[in-house]
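Heads up, the sequence shown is in this note's numbering, so the first residue is 4 and it goes up one at a time.
Glycine included, each C-beta is placed from N, C-alpha and C at the ideal position.
Shown next, in structure tokens, is the structure this report addresses.
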Amino acid sequence: MNLLSIGGSDPSSGAGIQSDVKAFSSLEMYGLTVLTTITSQNTSRFGLIHPIPKKILKNQLDFVFSDFTIDGIKIGMVYDSEIIKIIHNKIKKLSIPIVVDPIIKSTTGKMLIKKSAVNDLKNYLFPLATAVTPNKFEAEFITGKKITNKESLKKVAEKIREMGPKNVVITGVELKKKYISDFLLAEKIYVFNRRKLKTVSHGSGCNYSSSLLTFMAQGKSISDSVKLAQNFAWESIKNSQKLGKGVTIAQRKKNTLFSELSEAINNFSKIRGISKEIPECQTNFVFSKKYPRTLKDILGISGRIVKTGDSVTKIGNLEYGGSKHVAAATLEMNKKFPQIRSAINVKFQKRTITNLEKNGFIVASYDRAKEPKSIKSKDGHSIKWGVKNVLKDFKTPPDAIFHKGYFGKEPMIIIFGTTPKVVLDKVSKIFIN
Ligand code: PXL
């Protein structure tokens with residue numbers, strides 16, 4: 004998916020468009036950028052601000068919109084009224100998620116919007132927003148009202164919603180000691196609490212709004228998106244790093260689970276003739292966290308890898324809990340052999356079993372006809388039962404487990420490994436001949 008960040012440049016890459024691209028990228032999104040302003044800043048000081056010439060701003064917008072399908076937009080620092088109006092004109096007819104993060108001041112206290120432009124931000128951009136994400140200070144600044152308790156918080160949120168955004172998210176409010184709360188005004192009110200971190204870091208707000216956009220563009224509900232964005236921002240603060248001499252920079256640790264699985268899926272799709280190996284129920288490819296407890300600890304594809312003519316395409320996104328069946332098999336395998344954390348399912352074909360064996364892989368199988376009735380009736384329990392049963396006789400993990408199907412059940416092969424790369428290597432050996 005392509006997401007566009009419209010905002011200012013921060014040379015420290017802690018906030019602004021640089022930070023957004025990092026956040027998008029860590030969530031496997033492609034980040035496009037349209038620059039509104041150039042700022043000079045580092046982790047201790049703020050320097051000069053230079054708005055981009057209007058002609059160049061328009062030109063950037065024209066160039067990204069004429070080339071890319073854009074699945075969502077985040078608007079950050081806009082600085083002046085002309086910039087606001089140009090953006091408004093370009094995006095007013097779009098029906099994609101738009102997050103407006105009303106940037107007022109930097110962490111170091113510098114005004115990042117002209118006073119005269121604040122009303123235009125409200126009048127032109129708020130009505131286009133699927134969500135606006137002011138922090139407590141910004142919410143107070145925009146409404147001219149103080150937030151002192153839950154009641155005043157609600158009033159401030161309602162006042163902001165009257166300015167036209169579909170949803171209002173107010174971040175970083177301290178309602179309870181030691182906790183930090185995010186407040187969502189949607190079809191109803193939600194409050195999300197997280198333990199307060201002591202770190203003062205730069206970029207957490209940008210991480211919040213850009214991850215919020217990502218989750219909304221993926222089709223998640225607003226309340227789920229806010230909860231996930233809170234978590235994303237919280238983790239980014241927890242992982243913040245002292246890179247310059249001043250404040251730390253908030254950013255996510257590189258999620259190797261995401262990138263390793265993503266790379267393996269990409270390479271799987273490129274295997275010649277691989278569409279012939281996709282079963283009727285399609286293919287999933289999973290990678291589990293260490294010591295998974297539930298399916299939610301296992302990363303999979305929310306859709307599947309599907310046949311598209313002679314090639315295959317990944318439909319959906321990588322998500323924890325994205326796979327049910329292949330993940331259930333992996334979870335069961337991991338209980339006995341904790342080193343096994345990745346798996347893929349492929350079409351059952353005799354030649355594939357022969358190829359697995361020819362390559363020296365250990366192949367196990369179970370008979371679904373022997374499955375007790377009580378298991379069959381419970382959705383998702385069959386695989387768990389099958390894998391558990393078959394593993395009873397194994398002291399080392401098999402490379403593949405298959406069953407030959409049953410009434411109404413498609414036969415299936417699942418190939419396992421320690422990592423997606425190892426699984427892919429096995430797949431490559433048996434299918435590239
Ligand atoms: O964190 C808000 C923000 C957004 N965009 C730019 C910034 C800042 C804060 O400093 O500099 C360009």
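C-alpha of THR72 to C-alpha of ASN5: approximately 7 Å in a straight line. For LEU156, there is no enclosing beta strand (DSSP E); the residue is part of the alpha helix (DSSP H) that begins and ends at 153 to 164.
Not one heavy atom of the ligand PXL sits closer than 7 Å to the Cβ of MET114.
Listed in chain order, the non-local C-beta contacts of ASP428 below 8 Å within the same chain comprise GLY420, local neighbours out to five positions each way being set aside. Here the distance from the Cβ of MET219 to the nearest heavy atom of the ligand PXL is not below 7 Å.
Note on the segment 374 to 429: whole alpha helix (DSSP H) runs with a minimum of 4 residues are 376 to 379 and 384 to 394, in chain order. ALA253 places its beta carbon 8 Å or farther from that of SER262. Here THR217 is buried, its C-beta having at least 16 other C-beta atoms within 10 Å. Unbroken alpha helix (DSSP H) stretches of 4 residues or longer found wholly inside the segment 49 to 95: 57 to 70 and 84 to 94, given in chain order. No residue range can be given for THR297, since it is assigned to no alpha helix (DSSP H) and is classified by DSSP as neither H nor E.
When DSSP states are grouped into helix, strand and coil, GLY11 belongs to the strand group. Close CB contacts of GLY75 within its chain, under the 8 Å cut and outside five residues either way in sequence, are with MET4, LEU6, LEU7, ILE99, PRO100, ILE101, VAL102, LEU216, THR217, MET219 and ALA220 (chain order). The DSSP-derived three-state label of ASN138 is strand. With a beta-carbon spacing of about 5 Å, SER184 and ASN196 fall inside the 8 Å limit used to define contacts. By the neighbour-count definition (other C-beta atoms within 10 Å, threshold 16), GLY112 is an exposed residue. Residue state for LYS317 is assigned as strand, using DSSP reduced to three classes. A straight line joining the alpha-carbon of THR297 with that of GLY50 spans about 49 Å. Under DSSP, THR174 forms a beta bridge with ASN138.
Per DSSP, GLY34 lies in no alpha helix (DSSP H); the unbroken beta strand (DSSP E) holding it starts and ends at 33 to 44.
With fewer than 16 other CB atoms across the displayed protein chains lying within 10 angstroms of its CB, PRO14 is exposed. Counting of Cβ neighbours within 10 angstroms places ARG48 among the exposed residues, the total staying below 16. In this chain, the beta strand (DSSP E) harbouring ILE347 covers 345 to 350. Remark: C-beta atoms of LEU128 and ILE86 do not approach each other more closely than 8 Å. With contact defined as three or more Cβ pairs closer than 8 Å, the segment 341 to 358 and the segment 409 to 424 are in contact. In this structure SER345 is in contact with THR422, their Cβ atoms being roughly 5 Å apart against a cut-off of 8 Å. Note that the C-beta distance between ALA132 and SER84 is not below 8 Å. LYS273 and ILE435 have their C-alpha atoms roughly 11 Å apart. Of SER214, LEU246 and THR259, the smallest CA-CA separation from TRP237 is found for SER214. Beyond the five residues adjoining it in sequence on each side, VAL390 comes within less than 7 Å, by CB distance, of ALA332, GLU335, MET336 and ILE404 in the same chain, given in chain order. Separation of VAL315 and THR251 (C-alpha to C-alpha, rounded to the nearest whole angstrom) is 43 Å.
Taking non-hydrogen atoms of the ligand PXL into account, the C-beta of SER12 is found less than 7 Å away from one of them. In this structure, the C-beta of THR42 approaches the ligand PXL to less than 7 Å from one of its heavy atoms.
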